[in-house]
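Chemist: One structure follows; several queries about it will come next.
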Amino acid sequence: MSRGARSGERELSEPGAPRAVVPLGQGFETPLAHRLAEKAITGVAFVAIAAIVLIFVFILKEALPLLWETELHGEIGGLDALFLPKQWAGYAEAVFVWQPVGTPSKLNVVPLLVGTLKVTVLAMLISVPAGVGAAIFVSQYAPRSLREVIKPALELLASIPSVVLGFFALIVLATWMQETFGLAYRLNAIVAACGLSLAVIPMIFTISEDALRAVPRELSEAAMALGARKWQTTLRVVVPAALPGIAAAVILGFGRAIGETMVVLMASGNAAVMELFDPTTSARTVTATIAAELGEVAQGDPHWRVLFLLGVLLFVITFALNRLGAAVIARLHRRLTAGVEA
Amino acid sequence: MKWVKGDLLLAGATGASVVLVLALMLVVLGQVAILGAPSISATFLTEGPSSDLVGGGIWPAIWGTVLMTLLMTVAVVPVGILTGVYLAEYAPRGSRLAAWVRAAVVNLAGVPSIVFGLFGLGFFILFLGRGVDALLYDGQPVWGKPAVLWSSLTLAVLTLPVVIVTTEEALRSVPQDLRSAALALGATRFQTVFRIAVPNAKGGILTGIILAVSRGAGEVAPIIFTGAASYLPQLPTDLRDMYMHLGYHVYALSTQSPNVDAARGSLFGTVLVLLVITFTLNLTAMIIRARSRR
Amino acid sequence: MRTLLAILLALSAAACSGDGDAAGRVSVRGSDTMVILTQRWAEHYMRAHPEATIQVTGGGSGTGLAALINGTTDIATASRTITERERRNLRRNRDAEAHAVPVAIDAVAVYVHEDNPVASLTLAQLSAIYRGRIDDWRDVGGPPGRIVLYSRENSSGTYAYFKERVLEDRDFASEAQTLPGTAAVIHAVSRDPSGIGYGGIGFGGGVRAVPIATEGGDPVAPSAQSALDGRYPLARPLLVYTAGEPRGTAADFIAWTRGPRGQSLVEAAGYYPLPRVRTAERVTR
Numbered sequence: 179m180s181r182g183a184r185s186g187e188r189e190l191s192e193p194g195a196p197r198a199v200v201p202l203g204q205g206f207e208t209p210l211a212h213r214l215a216e217k218a219i220t221g222v223a224f225v226a227i228a229a230i231v232l233i234f235v236f237i238l239k240e241a242l243p244l245l246w247e248t249e250l251h252g253e254i255g256g257l258d259a260l261f262l263p264k265q266w267a268g269y270a271e272a273v274f275v276w277q278p279v280g281t282p283s284k285l286n287v288v289p290l291l292v293g294t295l296k297v298t299v300l301a302m303l304i305s306v307p308a309g310v311g312a313a314i315f316v317s318q319y320a321p322r323s324l325r326e327v328i329k330p331a332l333e334l335l336a337s338i339p340s341v342v343l344g345f346f347a348l349i350v351l352a353t354w355m356q357e358t359f360g361l362a363y364r365l366n367a368i369v370a371a372c373g374l375s376l377a378v379i380p381m382i383f384t385i386s387e388d389a390l391r392a393v394p395r396e397l398s399e400a401a402m403a404l405g406a407r408k409w410q411t412t413l414r415v416v417v418p419a420a421l422p423g424i425a426a427a428v429i430l431g432f433g434r435a436i437g438e439t440m441v442v443l444m445a446s447g448n449a450a451v452m453e454l455f456d457p458t459t460s461a462r463t464v465t466a467t468i469a470a471e472l473g474e475v476a477q478g479d480p481h482w483r484v485l486f487l488l489g490v491l492l493f494v495i496t497f498a499l500n501r502l503g504a505a506v507i508a509r510l511h512r513r514l515t516a517g518v519e520a
Numbered sequence: 003m004k005w006v007k008g009d010l011l012l013a014g015a016t017g018a019s020v021v022l023v024l025a026l027m028l029v030v031l032g033q034v035a036i037l038g039a040p041s042i043s044a045t046f047l048t049e050g051p052s053s054d055l056v057g058g059g060i061w062p063a064i065w066g067t068v069l070m071t072l073l074m075t076v077a078v079v080p081v082g083i084l085t086g087v088y089l090a091e092y093a094p095r096g097s098r099l100a101a102w103v104r105a106a107v108v109n110l111a112g113v114p115s116i117v118f119g120l121f122g123l124g125f126f127i128l129f130l131g132r133g134v135d136a137l138l139y140d141g142q143p144v145w146g147k148p149a150v151l152w153s154s155l156t157l158a159v160l161t162l163p164v165v166i167v168t169t170e171e172a173l174r175s176v177p178q179d180l181r182s183a184a185l186a187l188g189a190t191r192f193q194t195v196f197r198i199a200v201p202n203a204k205g206g207i208l209t210g211i212i213l214a215v216s217r218g219a220g221e222v223a224p225i226i227f228t229g230a231a232s233y234l235p236q237l238p239t240d241l242r243d244m245y246m247h248l249g250y251h252v253y254a255l256s257t258q259s260p261n262v263d264a265a266r267g268s269l270f271g272t273v274l275v276l277l278v279i280t281f282t283l284n285l286t287a288m289i290i291r292a293r294s295r296r
Numbered sequence: 117m118r119t120l121l122a123i124l125l126a127l128s129a130a131a132c133s134g135d136g137d138a139a140g141r142v143s144v145r146g147s148d149t150m151v152i153l154t155q156r157w158a159e160h161y162m163r164a165h166p167e168a169t170i171q172v173t174g175g176g177s178g179t180g181l182a183a184l185i186n187g188t189t190d191i192a193t194a195s196r197t198i199t200e201r202e203r204r205n206l207r208r209n210r211d212a213e214a215h216a217v218p219v220a221i222d223a224v225a226v227y228v229h230e231d232n233p234v235a236s237l238t239l240a241q242l243s244a245i246y247r248g249r250i251d252d253w254r255d256v257g258g259p260p261g262r263i264v265l266y267s268r269e270n271s272s273g274t275y276a277y278f279k280e281r282v283l284e285d286r287d288f289a290s291e292a293q294t295l296p297g298t299a300a301v302i303h304a305v306s307r308d309p310s311g312i313g314y315g316g317i318g319f320g321g322g323v324r325a326v327p328i329a330t331e332g333g334d335p336v337a338p339s340a341q342s343a344l345d346g347r348y349p350l351a352r353p354l355l356v357y358t359a360g361e362p363r364g365t366a367a368d369f370i371a372w373t374r375g376p377r378g379q380s381l382v383e384a385a386g387y388y389p390l391p392r393v394r395t396a397e398r399v400t401r
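Chains as they are written, first to last, in my numbering: chain R, 179 to 520; chain E, 3 to 296; chain P, 117 to 401.
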């Protein structure tokens with residue numbers, strides 16, 4: 179190790195010399211290079227912050243001008259047409275329509291929000307029971323050997339690229355579902371939701387399983403000492419104790435499901451239908467719309483701006499969900515590290 | 003503990019969800035393996051596609067995926083590791099900067115992949131690329147269009163959280179004694195970090211890099227507008243070139259090929275290759291992580 | 117570790133090499149209807165001219181024209197004519213006039229499942245079907261059953277053409293499933309006995325093209341003859357757009373596609389070659 183000559187060094191290197199006590203703050207001076215390197219490292223850490231800020235700034239930059247470029251408002255039927263129903267020419271009543279090609283461009287985002295919500299909620303209805311159920315099984319009932327097979331398997335499932343899941347939903351699942359259930363539309367919300375849940379379940383599983391395993395053993399032991407059966411302990415002690423973690427899993431899973439693109443692009447039918455409750459109709463999500471349409475728009479066109487606006491919406495929603503999930507997890511940590519609570 | 007009826011019900015119900023999920027996964031993998039294997043041949047892996055995309059091979063897609071992922075790795079590894087080092091080794095306890103960095107990392111991890119595509123287009127291509135064009139090329143579109151460089155940078159930002167988090171965790175699991183010993187022997191903090199802590203965290207850091215690579219190789223949404231092409235006659239050799247990509251090829255074949263049924267063989271074959279690559283990377287990462295934990 | 121880093125850096129440096137000279141490198145973007153044909157053209161052209169590089173991507177006519185406007189492609193292929201708004205945007209963004217060259221003729225066929233017995237449809241019926249006004253096959257001479265609509269993404273020139281020509285610029289029904297390519301439409305209709313779809317004639321398998329009648333006319337099936345002599349109502353030229361007159365390799369490539377070699381590839385792809393007399397014309401619309 180390279181250091182300059184120091185007073186202490188000479189004394190130490192003499193055999194039999196008394197141990198030198200180097201006063202704090204003296205003696206071992208960090209070379210300039212090392213100090214500069216440390217500053218540089220601190221600087222690099224800013225990149226992550228810069229990235230998230232830049233993402234927001236640059237998508238906002240492309241969307242925001244829609245507010246003040248009033249000459250474009252005519253092309254889309256007015257700024258309110260983005261969110262409010264409008265009675266366009268040829269329609270008997272005010273409707274929510276997303277049909278960007280044509281004059282005027284009908285850019286109402288409500289059918290897209292409805293589509294996203296529908297597909298996401300359907301996916302969560304499948305993923306939460308499956309994911310949490312699997313987590314309960316693995317953390318409470320499965321013997322060690324089984325756990326060491328299931329966990330890696332689910333981790334592998336998590337590593338499957340979403341384009342493969344979308345492809346599977348499109349080519350295999352859609353056909354099977356249509357043949358088994360006699361559905362009118364081959365590509366619809368439920369097919370997309372099934373594909374989505376394959377992407378979301380591993381995430382919900384992992385976080386829930388961690389939360390369930392983090393519940394202090396004293397709690398379940400106390401319950402069993404009082405005569406509760408294992409299933410009673412699980413359902414009435416362990417799961418409630420892990421509820422913040424499970425809630426975080428659900429919130430983060432919801433965020434993932436909302437933001438997923440390839441599965442819904444390939445498997446949802448992409449029809450901008452204003453139908454929230456029938457799972458067998460097609461749906462058009464915000465993410466699929468951006469992916470399908472961004473390539474075809476000229477920069478600065480109102481359609482371009484609205485697509486970026488949808489991106490901003492997505493960013494804000496997933497950002498909020500992430501903050502919420504992180505806050506819930508933080509509460510969980512505080513609660514557990516503060517000691518066992520009854 | 004002895005099981006009663008309630009336990010059978012609960013274990014049964016929850017176990018059933020495990021079985022269902024794993025069964026579905028096996029169906030996916032099985033179909034891909036069975037329907038894709040017949041297409042795998044030396045020509046499939048080493049030749050380019052026929053111009054209707056139905057026949058021929060996927061070599062350009064393999065090459066493009068590898069090239070783009072390589073560039074992404076070069077971009078993300080230094081930044082990710084150094085940030086992880088900062089968080090684990092240098093950040094004072096309760097540091098505001100560290101808290102912000104961690105918050106940024108968590109949020110980056112949650113940004114939808116298509117928003118990364120918008121970012122790649124809006125920032126890298128339209129701002130940086132066009133900016134360079136305006137400065138150096140008199141406005142000619144040289145850098146300001148989709149290219150493998152921009153795709154890889156976009157994906158580097160997307161996979162940054164993976165590298166940062168695994169690096170930080172890996173460093174945290176290095177016993178403090180090692181660092182104390184080094185400091186006691188007179189090492190500077192820099193030396194302690196880079197000669198003692200980081201080498202001991204090698205396994206975890208490597209795991210993170212491999213996971214990032216696997217993730218980056220599979221993402222399609224961010225590359226649709228930042229550089230992927232459905233048919234290129236020549237391999238990309240320049241940072242400004244567009245490139246073919248396995249995941250994008252799956253998407254294009256499923257939707258653009260003239261006869262989806264005829265392209266089935268190619269489709270499943272491409273999916274199989276993509277999955278083999280992804281799984282190999284992930285299994286390797288899992289093994290390294292398991293080994294370094296013991 | 118160090119060697120790995122060195123290798124990575126060396127490879128990246130190699131990737132950085134290559135001159136900035138874009139001559140000989142042409143990017144073509146646009147119509148999914150034409151993408152296979154364009155790829156074949158590119159492949160054969162490059163065999164004959166090894167110094168040229170033609171990059172082809174699909175995405176839809178709208179995508180190609182948008183890329184032309186944004187400056188990210190040299191040639192845009194389109195299965196529809198450019199809109200006024202796009203023309204304006206091109207003038208504003210690239211300070212150039214849109215230059216169109218027809219390269220092939222296409223017929224937009226209306227596809228139904230091969231077991232669907234419907235004999236023919238009038239344009240008016242087709243329009244009503246796709247606007248959601250007629251929703252049962254019974255009303256157009258088929259067996260009772262809901263009509264399932266398959267349409268294209270709005271980046272598609274075929275979509276825009278259909279909307280303008282058949283729907284007379286009115287809206288598609290919102291239930292129309294939007295698929296990203298004619299192949300996907302055919303794939304969907306071939307699996308759906310109650311489906312109806314539309315797309316370029318160059319694709320096929322498991323579906324039937326329905327003869328179309330104009331008001332007061334006889335139903336005409338799509339074919340080379342009926343497309344060229346105008347009897348088939350949904351025939352259209354396939355176009356190639358550039359910002360201003362094409363130059364260099366792009367011009368050469370476009371001229372080659374209209375030559376005998378290029379046109380024989382058109383036929384092989386299932387489209388109809390340009391009639392001799394129109395070869396010299398420039399579409400002025």
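For each residue, glycine too, the CB sits at the ideal point set by N, CA and C.
All values derive from a computational prediction rather than experimental measurement.
#1: Give me the Cα-Cα distance between residue 148/E and residue 125/E, rounded to the nearest whole angstrom.
#2: So within the segment 223–299 of chain R, which uninterrupted alpha helix (DSSP H) runs reach at least 4 residues, ignoring any that extend past its ends?
#3: By Cβ distance below 8 angstroms, which residues in the same chain neighbour residue 137/P in space, the five residues on each side in sequence not counted?
#4: Given that residue 408/R touches chain E, what residues does it touch there, using C-beta distances under 9 angstroms?
#5: Going by C-alpha to C-alpha distance, which of 205/P, 273/P and 305/P sits closest to residue 321/P?
#6: With a threshold of 6 angstroms, establish whether the CB of residue 504/R neighbours any heavy atom of the ligand NAP.
#7: So, using beta-carbon positions, are residue 494/R and residue 241/R closer together than 7 angstroms?
#8: Scan the segment 156–177 of chain E for residues whose Cβ lies nearer than 9 angstroms to a Cβ of chain R and list them as they occur along the chain.
#9: Would residue 27/E count as contacting chain R if we go by Cβ distances under 7 angstroms?
#10: Between residue 51/E and residue 250/E, how many whole angstroms is the CB-CB distance? I'm expecting something under 8 angstroms.
#11: I need the boundaries of the alpha helix (DSSP H) containing residue 71/P, first residue and last residue.
#12: I want to see whether chain E comes within less than 7 angstroms of residue 369/R, judged by CB atoms only; does it?
#13: The segment 141–169 of chain P: which residues have C-beta closer than 7 angstroms to a C-beta of chain E, in chain order?
#14: Does any residue of chain P have a CB that is nearer than 7 angstroms to the CB of residue 474/R?
#15: According to DSSP, is residue 190/E part of a helix, a strand, or is it coil?
#16: Can you say whether residue 216/R is buried or exposed, counting buried as having 16 or more other CB atoms within 10 angstroms of its CB?
#17: When you compare each of 262/P, 143/P, 332/P and 244/P to residue 252/P by their alpha carbons, which one comes out closest?
#18: At what residue ranges does the segment 219–292 of chain P contain a whole run of the beta strand (DSSP E), taking only runs of 3 or more?
#19: Could you pull out every residue in the same chain whose Cβ sits closer than 7 angstroms to the Cβ of residue 69/E, ignoring the five residues on either side in sequence?
#20: Helix, strand or coil, according to DSSP, for residue 192/P in the structure here?
#21: Would you identify the three-state DSSP class for residue 356/R, choosing helix, strand or coil?
#22: Mind checking who residue 294/P pairs with in its DSSP beta bridge?
#23: Select from the segment 286–311 of chain P all residues with a C-beta closer than 8 angstroms to any C-beta belonging to chain R, and list them in chain order.
#24: Under 7 angstroms between the Cβ atoms of residue 230/R and residue 103/E?
#25: Tell me whether residue 186/E is buried or exposed, calling it buried when 16 or more other Cβ atoms sit within 10 Å of its Cβ.
#26: Rounded to whole angstroms, what's the CA-CA distance from residue 257/R to residue 458/R? Just pull it up for me.
#27: Does any residue of chain P bring its CB to less than 7 angstroms from the CB of residue 392/R?
#28: By how many angstroms is the C-alpha of residue 505/R removed from the C-alpha of residue 285/E?
#29: Could you check which residue in 413/R, 431/R and 367/R has the C-alpha nearest to that of residue 382/R?
#30: Please go through the segment 149–189 of chain P and give each complete alpha helix (DSSP H) segment of 4 or more residues, from N-terminal end onward.
#31: State the start and end residues of the unbroken alpha helix (DSSP H) segment that holds residue 159/E.
#32: So who's on the other strand from residue 353/P, going by DSSP bridges?
#33: Return the residue from the list 17/E, 112/E, 198/E and 31/E that minimises the CA-CA distance to residue 334/R.
Modeler: If we stick to the structure as given:
#1: 12 angstroms
#2: 243–246 and 248–251
#3: Unreliable placement is indicated for residue 137/P, whose pLDDT of 41 sits below 50; the coordinate value is still reported in the next sentence. Around residue 137/P: no qualifying Cβ.
#4: Residues of chain E passing the Cβ test: 3, 4, 5, 6, 8, 9, 12 and 13.
#5: Distance from the Cα of residue 321/P is smallest, within the candidate group 205/P, 273/P and 305/P, for 305/P.
#6: By its list of ligands, the structure shown contains no ligand whatsoever, and the ligand NAP lies outside what it can speak to.
#7: Contact: no.
#8: 159, 162, 163 and 166
#9: yes
#10: About 13 angstroms; that fails the 8 angstroms criterion.
#11: In this structure chain P extends from 117 to 401, so residue 71/P is not present and cannot be described.
#12: no
#13: 148, 151, 152, 155, 156, 158, 159, 162 and 169
#14: With 7 angstroms as the cut-off, residue 474/R counts as an interface residue toward chain P.
#15: coil
#16: Burial of residue 216/R is indicated by the presence of at least 16 other C-beta atoms within 10 angstroms of its C-beta.
#17: 262/P
#18: List check, beta strand (DSSP E) in window: 264–268.
#19: 150, 238 and 245
#20: strand
#21: helix
#22: 267/P
#23: 286, 287, 288, 290, 291, 292, 293, 294, 295, 296, 304, 307, 308 and 310
#24: no
#25: exposed
#26: When the Cα atoms are used, residue 257/R and residue 458/R turn out to be separated by approximately 32 angstroms.
#27: no
#28: 32 angstroms
#29: 431/R
#30: 177–186
#31: Unbroken alpha helix (DSSP H) run through residue 159/E: 150–174.
#32: Per DSSP, 221/P.
#33: 31/E
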